[in-house]
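Note that the sequence shown covers residues 963 to 1383 in the numbering used here. Glycine included, each C-beta is placed from N, C-alpha and C at the ideal position. Keep in mind it's a predicted model, so treat the numbers as computed, not measured. Heads up, the thing below is written out as structure tokens.
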Amino acid sequence: MYRKVKGTQDFFGIEAKKLRHLEGIIRAVIEKFGYEEIITPIFENTEVFVRSSGEESDIVSKEMYTFDDKGGRSLTLRPEGTAPVVRAFLENKLYARRALNKYYYFGPMFRYERPQAGRYREFNQFGIEAFGASSPYLDADVIISAAEIFKALGIENIKLKINTIGDFASRAAYSALLKEHFGKGISSLCDDCARRLDRNPLRILDCKIDRDNPLLKNAPKIEAVLSAEAKAYFQKVLKILDASGISYEVDPNLVRGLDYYTDTVFEFILESDDELGGLAVCAGGKYSDLVRSFNGPDIPGIGYAFGIERIIAIMDKQNLFPDLASRADIVLISLDEEAKEKALLLARALRGAGFYAELDYQNFNLKPQFRLSEQVDAKFLVIIGEEELKNKQLAVKNALTKEQELIPETKILEYFKENLN
Ligand code: ATP
Ligand code: MG
963 MYRKVKGTQD FFGIEAKKLR HLEGIIRAVI EKFGYEEIIT PIFENTEVFV RSSGEESDIV
1023 SKEMYTFDDK GGRSLTLRPE GTAPVVRAFL ENKLYARRAL NKYYYFGPMF RYERPQAGRY
1083 REFNQFGIEA FGASSPYLDA DVIISAAEIF KALGIENIKL KINTIGDFAS RAAYSALLKE
1143 HFGKGISSLC DDCARRLDRN PLRILDCKID RDNPLLKNAP KIEAVLSAEA KAYFQKVLKI
1203 LDASGISYEV DPNLVRGLDY YTDTVFEFIL ESDDELGGLA VCAGGKYSDL VRSFNGPDIP
1263 GIGYAFGIER IIAIMDKQNL FPDLASRADI VLISLDEEAK EKALLLARAL RGAGFYAELD
1323 YQNFNLKPQF RLSEQVDAKF LVIIGEEELK NKQLAVKNAL TKEQELIPET KILEYFKENL
1383 N
């Protein structure tokens, strides 16, 4: 027996419907904010991710599914959505379409991680990217859109954590401060952090292994070196969130796992006592220099990504899915070859009129056909036998009331238009 690859999932039945259901809700919200869908390939040249996320990020240093294709190119299954969207934005010169470009995406991402609650090797993300404005109003509007999505899904107990990691000058000064601070306690940090110390000390604040090390908790805060402009920018973002009634907690240790962020960074975390508590459901930030680092024009961007599997798990716990089971309107039951053909044609006509019609393709006995009706929870049964064929009539049975009546063939569509809905 073949088994699925570790950390992957099959979606079928109600689980597949849940995915599509929340996708529909999210689309409806985000399109009102002016975002258009963008669909990029599942794999990219490896360089796209290495260049953007940074060699020291968890994603690039240990989580990527990278392979050489038969032409010897190094390709990577996308671990995240921002770098591909930036690549597409530049390659297709989307910046020439208009000054402000807003895109959203849905799709699978791949990361070699240890599978556990809410953590898979293939998982789905919904994300947005907005290019072309460096403004606290845009940053706030992006965060508001995420909050609106949580509201539309009905999800409660979500906490917004927000921070600024400053502009480039602030970040450089902060890196120097952190290097000095962490340098003193280097032996108490994990091997990855020892490596990060020289190359990217900011990354240490985001380490999952050293998370509880006092050295991290007592690290100097960006506040100390934040430029006046970066400070004012962040205060403005917070002020707009206040005015929008969106509550948040400023978390000075929040730096996010990728190298490309500047200024505003944020995460929406689930607050609960179960295994999902503390997990980030949505995370993002502003990236002023990512487009330029791809050899593009100097255009700032900001975005976020939601983890769809985590949303499904939370919505399951909070009982937020409606009844998604689909019931057949009509099952056509046929008792001989001629009737079977009639059933197939009638099913086609009924479907054409907008009904969900089903039939058994191989049985002529009643029992398996009744069983099928139960499995698809049919509302009506139409029974076609010798007698019915002869009289051009159909026996229609209401599955709930068990009442049965004879309806002339020519009147059947009309009958269901009246009796279903
Ligand atoms: P974490 O800190 O949980 O590892 P991350 O910082 O790596 O998250 P991002 O790269 O910001 O996550 O991805 C955005 C969102 O995608 C996360 O907030 C989370 O909801 C979801 N996500 C990330 N990795 C996984 C995974 N392996 N399985 C399922 N969902 C994931
Ligand atoms: Mg991660």
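Under DSSP, the beta-bridge partners assigned to N1360 are F1342.
In this structure, D1020 has its CB closer than 7 Å to one or more heavy atoms of ligand 2. At a cut-off of 3 residues, the continuous stretches assigned as beta strand (DSSP E) that sit fully inside the segment 1073-1128 are 1084-1093, 1120-1126. When DSSP reads this structure, G1265 sits in a beta bridge with E1091, G1247. A check of alpha carbon separations from L1306 across Y1223, K1379, E1042, D1322 identifies D1322 as the nearest.
In this structure, the C-beta of C1152 stays at least 7 Å away from each heavy atom of ligand 1. At a cut-off of 7 Å, the beta-carbon of L1252 does not count as near ligand 1: no heavy atom of the ligand is closer than that. One alpha carbon belongs to V1217, the other to S1019, and they sit about 12 Å apart. If you compare the alpha carbons of N1383, A978, I1117, R1310 with that of F1342, the shortest gap goes to N1383. Inter-residue distance for L984 and R1272 is about 12 Å (C-alpha atoms, whole angstroms).
By alpha-carbon distance to K1352, the top candidate from E1300, L1362, V1344, G1316 is E1300. Annotation for P1163: no beta strand (DSSP E) segment contains it, and DSSP assigns it neither H nor E.
DSSP links D1030 through a beta bridge to S1036. In this structure the segment 1179-1189 touches the segment 1133-1145; the number of beta carbon pairs closer than 8 Å is three or more. Each residue's CA atom was taken as its position, placing Q1324 and V1293 some 14 Å apart. Annotation: the continuous alpha helix (DSSP H) that includes V1047 extends over 1044-1053. I1120 is positioned such that its CB atom lies closer than 8 Å to that of F1230. Annotation for F1378: the continuous alpha helix (DSSP H) segment containing it runs 1374-1381.
Following the DSSP letters along the chain, one finds L1232 in no alpha helix (DSSP H) but inside the beta strand (DSSP E) bounded by residues 1224-1232.
Distances from the CB of C1244 to the heavy atoms of ligand 1 include at least one below 7 Å.
In the assembly as shown, S1209 is an exposed residue. Its beta-carbon has fewer than 16 other beta-carbons within 10 Å. In this structure, DSSP gives Q1355 an extended state, which the three-state scheme calls strand. For S1335, no beta strand (DSSP E) run applies; the uninterrupted alpha helix (DSSP H) run containing it begins and ends at 1328-1337, by DSSP.
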